[in-house]
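Following my numbering, the numbering of the sequence shown begins with 7 at its first residue and continues without gaps. By construction, the Cβ of each residue, glycine as well, lies at the ideal position given by its N, Cα and C atoms. Single-structure report; data block below.
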Amino acid sequence: MNPILCLLPLVLGLGPGDQDIPGLLPPFGDPPAAASTEFFDSRDRVRVKVVASDETLVPGADAVLAVVFEQDTGWHIYAGDQEIPPEYYPTVVRTESPAGSPVTVHDAWVQWPEFDEIDFFGDILPIYEGTAIVYLPVTVAADAAPGTYTVRVRAGFQVCDDMTCLQPTPYPPRTPGGEPSAEWLAYGEDVEFVVTATPVASTPDPATFGGFDTSVFAQIHEGQKPPLVVDFDLFGLTFSIDAAGAGGFLLLLLAAAVGGFLLNLTPCVLPIIPIKIMGLSASAGNRARMLFLGTAMSIGVVAFWIALGIGIAALAGFTATNQLFQYPMFTIGVGVIIALMAVGMCGLFAVRLPNFVYAINPGHDSAAGSVGFGVMTAVLSTPCTAPFMGAAAAAAAVMTPTRTLLVFAAIGLGMALPYQILSMAPRLVDRMPRTGPASELIKQVMGLLMLAAAAFFVGTGISGLLTRPPAPPSLLHWWVVAAFGVAAGGWLAWRTLRITRRPGPRLVFGTVGVAILAISAFIGLRLTDRGPIDWTYYTPERFASAQSEGKVILMDFTAEWCLNCKALEKTVLYDDRVVTLVAEEAVLPIKVDLTGNNPDGNAMLKAVERLTIPLLVVFDAKGDEVFKGDFYTVEQVVTALNAAQSPPLAQRGP
């Protein structure tokens, strides 16, 4: 919002007499004197009162708190239950009760009034006009002792007319993890409830309480959860699901399954799909056997995700799948297992390995081998977050244990679906060579690519062990990954020329081999380049210092094991348009690297209410969150950076 729009109408249109508007409520604090500020307080145009339906209650009784906003004609406040741009202040109502109080205000079941919409300088905004009433249900414990119990009610808001806005009231922190101001803590009105053994008859004012939906008490007493809205954002396409009800929860399960399915298209999983196709092709002549092996693999995939759901539901502090890869020994262990599987697949290697290696690398044609491959496929997927999956998993982490397990099972089912379909359709895989030099060559190339994956996991694990935040992690392991990729491409091209004289296969597989070689070399060069952005690595002190200086902050949550993070960084954040804006003096790019154990980084991830990465957050010069997304476009980032600074960065002169 342009502050000039606020200043002129206030200076010309309002005089000192406006401070004498009747109805100012001392319990919510007096507005600052006109001489001490260029803006008048929003309470000059809005009178707030808190009314209890019953102030004398018996144990087990219900009551309602009504927070009434009475606004002058032509003025409005912003809706508290709708999305609005971050430069505006939505209405908030907060309550606070002493620890151990038997009087409970159920803030999560707040009932907001109907809203209107206005066009404010091109923004369509939801507002409340006239008299707006916010309802909060209150219950008293059945074993409450007689006495007087106090509830503090705070209402933060900003009032505007068609041209300008007044200074907001004291307001809760708008920055994740921010400390409440002294003004906010001292602000508000106390309501006293008297609990007595003798009922006292009272009749709530129907004009005040007639809009309250009393059915909410039945839901509260039955232990039902309040509405749980899950927001999804896929490259600018946004939608929400209320997962509290049965229908909404089914939609959440569908979104989780779609996310699981899309995991197969991420760089974590896509390279190993041909390996499973080869395994299934060996049984393509036996439909029942092929279906059995495909089902066994699906069981392995689903079992892994259910196990993760159990961990999230049962273990304190374990809230996201990618937390596993913040334990370097886990990452190294995954890499070692993949390397052993690769060695077992490559006929290139004549070294006889210990028997235990073959025990953990059973054949694809066995039930144990298929289940194990399913588990390994799921493990490999965890560094990546597919569209829809991150939001679904984050919502599941705060649900009941049963619902948590169902959401993670849905992710597993979605991920297992392609393999189940392949096992039910032998014609899709029966063209794969099953024996002979061509089959051996494919196994060798797949083995070398798996060794590249092993080098990736072992390298990121070692990097996590050696890195101490906020120092950046080492990138040397990418050269080892690239070397195995170059070897795979070169071996495919060379061996194709040796085992066949047919021009078609030579052209196709020779071209594929050269492409793998070139892409691998490019990856080595690209991913060891620190890039055109001069990142500041996150610490709470650096973040606080940047906010105190009024910097626009571009915060990128990433890790060396997060391939989606790398893809977004190289394709979106390093786009020339983004780089130009980030280079401005008013902008500070901060990278939160979660490669290893980074408690401060994890705390910041939790503060912005996310569990998984990749994640990008943009804070404006006031410290307010302007943008947050896990899959984003160049246009979204550019728009967010411009919205975070006034005038827009792109329009600034030299």
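Going by DSSP in three states, residue i sits in which element: helix, strand or coil?
i      : result
Val514 : helix
Gln332 : helix
Cys568 : coil
Gln225 : helix
Leu622 : strand
Tyr177 : coil
Leu617 : coil
Asp168 : coil
Arg160 : strand
Phe633 : strand
Ile539 : coil
Gln117 : strand
Ile90  : coil
Glu547 : helix
Gly153 : strand
Val201 : strand
Pro509 : helix
Asp26  : Reliability fails at Asp26, whose pLDDT of 33 lies under 50, so the model's placement of it is uncertain and the value that follows must be treated cautiously. Helix, per DSSP.
Glu195 : strand
Asp219 : coil
Thr473 : coil
Thr577 : helix
In the DSSP assignment, find the beta strand (DSSP E) that holds residue i and state where it starts and stops.
i      : result
Gln77  : 68-77
Arg100 : 98-102
Leu142 : 137-146
Ala2   : Here the chain has residues from 7 to 660 only, and residue 2 is not among them.
Thr110 : 109-111
Phe126 : 122-126
Val275 : Element bounds for Val275: n/a, residue is neither H nor E.
Tyr84  : 82-84
Buried or exposed for residue i, going by 16 or more other Cβ atoms inside 10 Å?
i      : result
Thr383 : buried
Asn292 : exposed
Leu647 : buried
Thr145 : buried
Leu472 : exposed
Arg501 : buried
Arg409 : buried
Phe528 : exposed
Ile133 : buried
Leu513 : exposed
Arg49  : buried
Ile130 : exposed
Ser208 : exposed
Asp60  : buried
Between residue i and the rest of its own chain, which residues show a CB-CB distance below 7 Å, the 5 nearest in sequence each way excluded?
i      : result
Thr337 : Phe331, Phe463, Thr466, Gly467, Gly470, Trp567
Val585 : Pro538, Ile539
Gly602 : Gln332, Pro334, Gly470, Leu471, Thr473
Phe223 : Asp68, Pro143
Can you name the start and end residues of the alpha helix (DSSP H) that residue i belongs to?
i      : result
Val585 : 582-588
Ile417 : 407-430
Thr502 : 483-505
Pro595 : No alpha helix (DSSP H) holds Pro595; the beta strand (DSSP E) holding it covers 593-599.
Val643 : 640-649
Val377 : 373-387
Ala213 : 212-215
Glu189 : 188-192
Tell me which same chain residues have a C-beta within less than 6 Å of the C-beta of residue i, skipping the five on either side of it?
i      : result
Leu523 : Val492, Gly495, Gly496
Gln426 : Gly300, Ser304
Trp81  : Arg51, Val165, Asp167
Pro179 : Pro186
Gly339 : none
Val99  : Val73, Val140, Ala161
Gly323 : Interpretation of Gly323 is limited by its pLDDT of 45, a score under 50 that renders its predicted location unreliable; no figure is taken from the coordinates.
Val644 : Arg583
Leaving aside the five residues before and after residue i along the sequence, list all residues of the same chain whose C-beta is less than 8 Å from its C-beta, in chain order.
i      : result
Ile596 : Trp541, Thr542, Tyr543, Tyr544, Arg548, Phe549, Ala552, Ile559, Leu560, Met561, Asp562
Tyr580 : Gly537, Pro538, Ile539
Examine the Cβ distances between the segment 104-123 and the segment 167-176 and report whether three or more of them are shorter than 8 Å.
-> no
Does the segment 457-472 touch the segment 545-559, meaning 3 or more C-beta pairs lie closer than 8 Å?
-> no
Three or more beta-carbon pairs under 8 Å between the segment 604-617 and the segment 480-499, yes or no?
-> no
Is it a yes or a no for the segment 149-163 touching the segment 121-128, going by three-plus beta-carbon pairs under 8 Å?
-> no
Can we say the segment 548-558 touches the segment 619-635, given the rule of at least three CB pairs closer than 8 Å?
-> yes
Say whether the segment 125-145 touches the segment 69-76, bearing in mind that this needs 3 or more beta-carbon pairs closer than 8 Å, one atom from each stretch.
-> yes
Do three or more CB pairs link the segment 632-639 to the segment 588-603 at distances below 8 Å?
-> no
At least three beta-carbon pairs within less than 8 Å, the segment 192-206 to the segment 82-94 | no
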